[in-house]
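Below is one structure; the comments refer to it alone.
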Amino acid sequence: MQVFTNAMNGLNSIVWCMALVILCLGAGLWFSIRMKFPQVRLFKDMVHLLVHGEKSESGITPFQAFAATVGSRVGMGNIAGVATAIYFGGPGAVFWMWVIAFIGSGSAFIESSLAQAYKVKDKNGEYMGGPAYYIERALHCKPYAIVFAIATILGPGILMPGLHINSIASTYEEAFGANMVVVGAVFCAVLALAVCGGIKRIGKIAEYMAPVMCVIYVALALGIIITHIGQLPGVLALIVSSAWGVNPVFGGIIGSAISWGVKRGIYSNEAGQGSGAIVSAAAECSHPAKQGLVQAFSVYIDTLIVCSSSAFIILLTGSYNTVAADGETMLANNIPSVEYGIRWAQTALSTAYGGWAGKLLAIIIIMFVFTSLMGYYYQAEANVRYLVKNNKIAVWVIRIVFLVSAFSGVLVNGEIIWTMGDTGAGMMAWLNIVAILLLSKKGFALLKDYEEQKKQGYDPQFDPEKFGIEDETGVWSKQAAEYKKQDKK
14 MQVFTNAMNG
24 LNSIVWCMAL
34 VILCLGAGLW
44 FSIRMKFPQV
54 RLFKDMVHLL
64 VHGEKSESGI
74 TPFQAFAATV
84 GSRVGMGNIA
94 GVATAIYFGG
104 PGAVFWMWVI
114 AFIGSGSAFI
124 ESSLAQAYKV
134 KDKNGEYMGG
144 PAYYIERALH
154 CKPYAIVFAI
164 ATILGPGILM
174 PGLHINSIAS
184 TYEEAFGANM
194 VVVGAVFCAV
204 LALAVCGGIK
214 RIGKIAEYMA
224 PVMCVIYVAL
234 ALGIIITHIG
244 QLPGVLALIV
254 SSAWGVNPVF
264 GGIIGSAISW
274 GVKRGIYSNE
284 AGQGSGAIVS
294 AAAECSHPAK
304 QGLVQAFSVY
314 IDTLIVCSSS
324 AFIILLTGSY
334 NTVAADGETM
344 LANNIPSVEY
354 GIRWAQTALS
364 TAYGGWAGKL
374 LAIIIIMFVF
384 TSLMGYYYQA
394 EANVRYLVKN
404 NKIAVWVIRI
414 VFLVSAFSGV
424 LVNGEIIWTM
434 GDTGAGMMAW
444 LNIVAILLLS
454 KKGFALLKDY
464 EEQKKQGYDP
474 QFDPEKFGIE
484 DETGVWSKQA
494 AEYKKQDKK
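Numbering-wise, the sequence shown is residues 14 to 502 according to the working numbering.
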């Protein structure tokens, strides 16, 4: 086990070097500037498209895709992930999570729009797409696409699921004294029923669970903010000053603040990682940019609302500590460093509301984890289908491997579970961000086409021929016909 731990730590340090942090920040900033910050300019469109999205016969609705990606994004990264970012990077890491969310929404728009533009319809009539598809069809580099597909199977399919089961099991052990192995076994059995139903079942479940879990958790956070309102200005100042190394206590770990803020931000909101694009491709809409804007909005929900809720719950109640650059623990507020993660949030909520709040969080965590793992599974299955063209045996193999990987989270060390999750997310981010940078002109053109049609008073329709995209499976035939009618007018 120690050999495996050392190997994973070594691989993770290579994958999550400062070059990837700079690439994530730089790509998101470039996309945002080049598109004139659509995450601000088109915010009204984001909300409108989410509320008034199209219905779907062949795929899932834009709202279901939004809910599925929010469900996938809103998970342990939003609670335990925020805590680990604060532990290793100080309160300033929260600021860099906000930054990567804001500029990362530009990356989310590009990847999701490309996934829509290059999606295909399989023999069952369902839409399939994502980075592997636009890498093959737009970059014309199938080996690169295969590498991404394998990385996605390794990441969400094998390396990342165990983290979530570990977190939920430890939460129930803390709240109810439940046996972690039993909790893991029961949860995986229920999860199996959901993942065997495909993207439509996943979309329908997420459509109901994602809003409920987010509203309850944010409401708990708002209660703490209101009762600690006098401390809020000081906490905000601490976050900002620590982020830039101005605060003398945290000045020595500014590099860690940036690195951990970006790392946990990417792990949580998945912007630029490519995973959101896989689910986005399954949605039905009249123009790729529509789903791109909806997915950009989901990044806001994930990080600026849910992650911020966790940060304020932990920081306002003082339920945290931070490790210094030399490895010593700073600001130890009776919270053992070995328990950084979900238990910090439990301690904070129990302190603020009483023991019932810690138990309520344990129940909420079920929804967080369930929707996350459904999203992870679909990402892995979609890439298995890409590699083997709907081979039923291969699909059942990935289902079994996924469930075993998830259950393994209660059998191994919690710290190595986080390392495995980070490594999986980092591999995907490297491969996808390079791809969307190479295809950025196509993404910019999709947004321009959408805005030009809007200015002319049309409901934007997509004609792949205009962009040199071959639509062999007839995904866009209806929309292309509508576009040509507009063109004649």
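Think of the CB as a built atom: it goes at the ideal place given N, C-alpha and C, for glycine as much as any other residue.
Determine whether the beta carbon atoms of residue i and residue j lie at a separation below 8 Å.
i, j, result
"Leu317", "Leu62", "no"
"Ala448", "Pro301", "no"
"Ser125", "Gln304", "yes"
"Leu386", "Leu204", "yes"
"Phe13", "Tyr399", "The displayed coordinates of the chain run from 14 to 502. Any statement about residue 13 would go beyond what the structure contains."
"Tyr496", "Asp476", "yes"
"Ala162", "Gln308", "no"
"Tyr157", "Ile148", "yes"
"Val225", "Ser322", "no"
"Cys37", "Ile406", "no"
"Ala393", "Pro169", "yes"
"Met173", "Gly437", "yes"
"Met110", "Phe310", "no"
"Leu362", "Leu152", "no"
"Leu33", "Gly434", "no"
Going by other Cβ atoms of all chains shown within 10 Å of its Cβ, with 16 needed for buried, is residue i buried or exposed?
i, result
"Asp472", "exposed"
"Ile35", "exposed"
"Trp409", "exposed"
"Ser490", "exposed"
"Glu483", "exposed"
"Gly503", "This structure gives no information on residue 503, because the portion of the chain shown stretches from 14 to 502."
"Pro51", "buried"
"Lys455", "buried"
"Pro261", "Low confidence applies here, because Pro261 scores a pLDDT of 44, under 50, leaving its location unreliable; read the following figure in that light. Pro261 comes out exposed."
"Trp357", "buried"
What residue range is occupied by the uninterrupted alpha helix (DSSP H) comprising residue i?
i, result
"Glu139", "Where Glu139 is concerned, there is no enclosing alpha helix (DSSP H), given that its DSSP letter is neither H nor E."
"Cys204", "Going by the sequence as given, residue 204 is Leu instead of Cys. Where Leu204 is concerned, the enclosing alpha helix (DSSP H) stretches over Met193 to Val208."
"Phe189", "Pro174 to Phe189"
"Trp43", "Met31 to Arg47"
"Val408", "Lys405 to Phe420"
"Val488", "Run containing Val488: none; DSSP gives neither H nor E here."
"Ser323", "Ser321 to Leu329"
"Thr316", "Taken as a continuous stretch (DSSP letters only), Thr316 belongs to no alpha helix (DSSP H), as it is neither H nor E."
"Ile148", "Pro144 to Ala151"
Which residues in the same chain have their Cβ closer than 6 Å to the Cβ of residue i, if we skip the five residues on either side of it in sequence?
i, result
"Leu42", "Ile116"
"Ser45", "Ile116 and Gly119"
"Thr18", "Ile429"
"Asp339", "Here Asp339 scores only 43 on pLDDT, less than 50, and its place in the model should not be relied on; the value that follows carries that caveat. Closer than 6 Å at the Cβ level, and outside the excluded window around Asp339, lies no residue."
"Thr508", "With the chain running from 14 to 502 in the structure shown, residue 508 is simply not present."
"Gly371", "Ala188, Gln359, Leu362 and Ser363"
What does a CB cutoff of less than 7 Å around residue i pick up in its chain, not counting 5 residues either side in sequence?
i, result
"Lys467", "Pro473"
"Ile181", "Val196, Phe200, Ile378, Ile379 and Val382"
"Lys132", "Tyr140, Met141, Gly142, Tyr146, Ala294 and Val488"
"Ala164", "Met440, Met441 and Leu444"
"Thr432", "Met21, Asn22 and Asn25"
"Arg11", "Since the first and last residues shown for the chain are 14 and 502, residue 11 lies out of range."
"Thr486", "Val133 and Lys134"
Quick check on residue i: does DSSP put it in helix, strand or coil?
i, result
"Ala296", "strand"
"Lys10", "Since the first residue of the chain shown is 14 and the last is 502, residue 10 is not available in this structure."
"Ile482", "coil"
"Trp257", "coil"
"Pro507", "It is not possible to answer for residue 507, since the shown part of the chain is limited to 14 through 502."
"Asp58", "helix"
"Val228", "helix"
"Ser311", "helix"
"Ser385", "helix"
"Asp515", "The structure shown does not extend to residue 515, since the chain is modelled only from 14 to 502, so the question has no answer here."
"Gln129", "helix"
"Asp462", "helix"
"Ser332", "coil"
"Gln499", "helix"
"Leu63", "helix"
"Gly289", "helix"
"Val160", "helix"
"Lys303", "helix"
"Val425", "coil"
"Gly103", "coil"
Excluding sequence positions up to five away, which residues of its chain have a Cβ less than 8 Å from the Cβ of residue i?
i, result
"Leu328", "Ile99, Pro104, Val107, Val248, Leu251 and Ile252"
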